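In our numbering, the protein residues as written are 4 to 224.
Heads up, the beta-carbon is just placed ideally off N, CA and C, and yes, glycines get one too.
Bear in mind the structure is a predicted one, so any value in this text is a computation, not a measurement.
To start, the structure itself, in structure tokens.
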Amino acid sequence: MKNRSDQGARRRAYVDTPKTGNAERSDFSCLPQGLGPAGAAHSVGNPRKASQPCCGCRLVLGPCRPQRDLLASCGQALKFSLTVCWNAFSRWAVRCMAAAGVPDLTFTDVLVLHHINHRGRGKKLADICFVLNYEDTHVVNYALKKLVAAGLAVGEKTGKEVFYSPTERGQQVAERYRQVREQCLIDSVNGELNPQIGELARFLRLMSGLYDQAARAASSL
Numbered sequence: 004m005k006n007r008s009d010q011g012a013r014r015r016a017y018v019d020t021p022k023t024g025n026a027e028r029s030d031f032s033c034l035p036q037g038l039g040p041a042g043a044a045h046s047v048g049n050p051r052k053a054s055q056p057c058c059g060c061r062l063v064l065g066p067c068r069p070q071r072d073l074l075a076s077c078g079q080a081l082k083f084s085l086t087v088c089w090n091a092f093s094r095w096a097v098r099c100m101a102a103a104g105v106p107d108l109t110f111t112d113v114l115v116l117h118h119i120n121h122r123g124r125g126k127k128l129a130d131i132c133f134v135l136n137y138e139d140t141h142v143v144n145y146a147l148k149k150l151v152a153a154g155l156a157v158g159e160k161t162g163k164e165v166f167y168s169p170t171e172r173g174q175q176v177a178e179r180y181r182q183v184r185e186q187c188l189i190d191s192v193n194g195e196l197n198p199q200i201g202e203l204a205r206f207l208r209l210m211s212g213l214y215d216q217a218a219r220a221a222s223s224l
């Protein structure tokens, strides 16, 4: 009988003892009263019902203030890194094309020339802008006219649309560009970086979608 009483006392002491670890934390002070993690009852008196850490409130209201500050700081670092990388990549593309024998092309001209070489089929202006994510069609249209004037591309009208494809010289220039890229860029990349480059490409595609959505949201303010 005494053993049963001792076991009951120990059980009550265990249940009534507040848990301090993250897995059992019931302090949701960052939330308005009555709100807790999604799908969990918010009850300070019963820590078992509020078993999610405080950062679980992001499921209801978004990140807590410390997390938002951290995200903002990381966002600033990402913005700076993207800016520096974009300028470096633009400079590289122009210099690489100059080494390939065509020194008078801008960064947009280089991108458009490579795109119309891709898969060997003609592409119309709207499709080029869509794939390269250019909002201003006149910028791409000017690049196409410049490539046609340089003898690197040709436009063929089909119905109401004009489809652009590379000329033989345009294909040769693109091939020389690839050779220069292999010599100056690819050879200097460690093979161990290939998986990281793939992950980075997926991350950048994700970020482009987030930035597009944020731009649409900002335009509606």
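The beta carbon of H118 lies closer than 8 Å to those of K126, I131, V134, L135 in the same chain, with the five residues before and after it left out. Q174 and F83 have their alpha carbons spaced roughly 35 Å apart.
Burial of A177 is indicated by the presence of at least 16 other C-beta atoms within 10 angstroms of its C-beta. Taking R181 as the centre and dropping the five residues before and after it, the same chain places no C-beta closer than 7 Å to its C-beta.
Segment contact: the stretch 100-114 against the stretch 141-151, three or more CB-CB distances shorter than 8 Å; contact assigned. Straight across, the Cα-Cα distance linking L81 with D215 is about 16 Å. The three-state reading of DSSP puts G158 in strand, counting E and B together. Per DSSP, the unbroken alpha helix (DSSP H) holding V151 starts and ends at 140-152. According to the DSSP assignment, V165 belongs to the beta strand (DSSP E) that extends over 164-169. Counting along the chain, I119 sits inside the alpha helix (DSSP H) bounded by residues 110-120. Shortest Cα-Cα distance from E171 to any of L85, V151, R205, D107 involves V151. Secondary structure note for N197: its alpha helix (DSSP H) is the uninterrupted segment 197-222. Between L155 and V105, the CB-CB gap stays under 9 Å. Under the DSSP assignment, L135 falls in the alpha helix (DSSP H) whose first and last residues are 128-135.
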